[in-house]
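Student:
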Amino acid sequence: MHKDDQMTPKERAFGAESTYDPSGIPIIKKYIVKDFSDINQLDLEKIRFENDTNAQTTYEAVQIIQDELNDEIFTGVGFMGPFTTAANLAGTEKILKSMRKDPEGLHKLLDFAADITIEVGREFVENQIGIGLAEPTASLLSPKQFREFVIPYYKKVMDKWKEWGSHGAGFHICGDTTRLLETFPEMGIRGVSIDSAVDIAVAKELVGDKLSIMGNVSPVDILQGTPESIEQAVIECFRKCWDNPCGFTIAPGCDIPVQTSLENIDAYMRAARKCAKYPVQPSNWE
């Protein structure tokens, strides 16, 4: 659950400008961190819950859903993690170059981005609302870079949220991140949502004894497929990962395009309910 703009609300609160296409996602068109010293001019008060109308609207929506459905379904919120937040503040090109040219300055920005993430999540954590963090930008990194520029800031966020009662957050990352899979258990997260570009069987083999796994039906299949092909895509995910030691949740491999037909979404949900009928076992889909 998130408001119309999941990608850039925190950055816009600090003065960044973004464009929004109803058929796609927001894109930053004006970055506010030109020099890392600009961080000193940014005021965290602007994104505290009492001042953040985006977070307030999202929180109200979660409460409405929970009240209407009497906790029949799990309702959580999602927003960007520290690395992608840093990229939205300074630009992806700048932070990638700074890994070599100015790592000290980049670490200062990432530490500030972690503080932003902590504060945005505070109200949800304290009210036991689940959180999923996304890091599309971090899919560009090597394992070594991921360990230096991503993991320390996730540990900072997770440690603070756990002080407030969190049981851990979920994590989504886009693209083929097979090379990064074995770094994910080091982040302090509870589970990982993987893109359809990753073989979910490989994910189970590498991290399934440490993390729950969510995924990874291709959004393209859900957009362009038939009800029959969508069902087969769901079944294939269950065949590969239903017995993951730390748990498995069927899900799209990334956001479902807004152009997806209701017929195809219904087909996905029917197949998911069929395969996930308790007790989950191969006879549900064979």
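Under my numbering, the first residue of the sequence shown carries the number 14, and numbering increases by one thereafter. The C-beta atom is built at its ideal place from N, Cα and C for all residues, glycine as well.
Could you have a look at Ala264 and say whether DSSP puts it in helix, strand or coil?
Tutor: DSSP places Ala264 in strand when its eight states are reduced to three.
Student: Would you please state the rounded distance, in angstroms, between the beta carbons of Cys254 and Ile226? I believe it to be under 8 Å.
Tutor: With 8 Å as the limit, Cys254 and Ile226 qualify as a contact, their Cβ atoms being about 6 Å apart.
Student: If we call anything under 9 Å between Cβ atoms a contact, is Leu153 one with Leu123?
Tutor: The answer is no: Cβ separation not under 9 Å.
Student: For Ile243, which of Val215, Arg283, Gly260, Asp256 has the nearest alpha-carbon?
Tutor: Nearest C-alpha to Ile243: Arg283.
Student: Look at the Cβ atom of Gly188, then the Cβ atom of Ala216, and state whether they are nearer than 9 Å.
Tutor: Contact flag unset, no.
Student: Measure the C-alpha to C-alpha separation of Ile263 and Cys288 and round it to an integer number of angstroms.
Tutor: Roughly 9 Å separates the two Cα atoms.
Student: Taking C-alpha atoms, which residue in Ala246, Asp48, Ala100 lies nearest to Lys23?
Tutor: Cα-wise, what sits closest to Lys23 is Ala100.
Student: Taking the beta carbon of Val220 as the centre, do at least 16 other beta carbons fall within 10 Å, making it buried, or is it exposed?
Tutor: Buried is the call here.
Student: Tell me, to the nearest whole angstrom, how far the beta carbon of Leu47 is from that of Glu30; I am working on the premise that it is less than 8 Å.
Tutor: A small fix is needed here, since residue 47 is Lys in this sequence, not Leu. The Cβ separation is near 14 Å, so there is no contact.
Student: Per DSSP, what kind of secondary structure is Lys16 in: helix, strand or coil?
Tutor: Note on Lys16: pLDDT 47, under 50, position unreliable in the model; the coordinate value appears next. Note: Lys16 maps to coil in three-state DSSP.
Student: With distances taken from CA atoms, which of Tyr281, Asp128, Ala182, Cys259 is nearest Val230?
Tutor: Taking only the C-alpha atoms, the option nearest Val230 is Tyr281.
Student: Is the separation between the beta-carbon of Leu146 and that of Ala182 shorter than 9 Å?
Tutor: In contact: Leu146 and Ala182 (Cβ atoms closer than 9 Å).
Student: Work out the CA separation of Cys250 and Gln294 for me, nearest whole Å.
Tutor: Cα-Cα distance, rounded: 13 Å.
Student: Can you give me the Cβ contacts of Ala246 inside the same chain, cut-off strictly under 6 Å, excluding the 5 residues immediately before and after it?
Tutor: Excluding sequence neighbours, Ala246 sits near Val230, Asp234.
Student: Are the region 104–121 and the region 72–87 in contact at 8 Å, needing three or more beta carbon pairs?
Tutor: Verdict: no, contact absent.
Student: With contact counted as at least three CB pairs below 8 Å, one residue from each stretch, are the region 162–172 and the region 197–208 in contact?
Tutor: Flag = yes, the region 162–172 and the region 197–208 touch.
Student: Tell me which residue opens and which closes the alpha helix (DSSP H) that Ile213 is part of.
Tutor: Residues 213–220.
Student: Would a C-beta distance cut-off of 9 Å place Asn277 and Pro240 closer than the cut-off?
Tutor: Contact flag set, yes.
Student: When the distance is taken between beta carbons, is Thr150 closer than 9 Å to Phe184?
Tutor: Taking 9 Å as the Cβ cut-off, Phe184 and Thr150 do not qualify as a contacting pair.
Student: Taking the C-alpha atoms as reference points, what is the distance between Gln141 and Asn67?
Tutor: The straight-line gap from Cα to Cα measures roughly 19 Å.
Student: Let's test the definition: count the other Cβ atoms within 10 Å of the Cβ of Ser179 and tell me whether it reaches 16, buried, or not, exposed.
Tutor: When all chains shown are included, Ser179 counts as buried.
Student: Which residues in the same chain have their Cβ closer than 7 Å to the Cβ of His15, if we skip the five residues on either side of it in sequence?
Tutor: Any reading at His15 must be qualified, since the residue scores a pLDDT of 48, below 50, and its modelled position is unreliable; the value itself is stated next. Around His15: Thr71, Val90, Gly91, Phe92.
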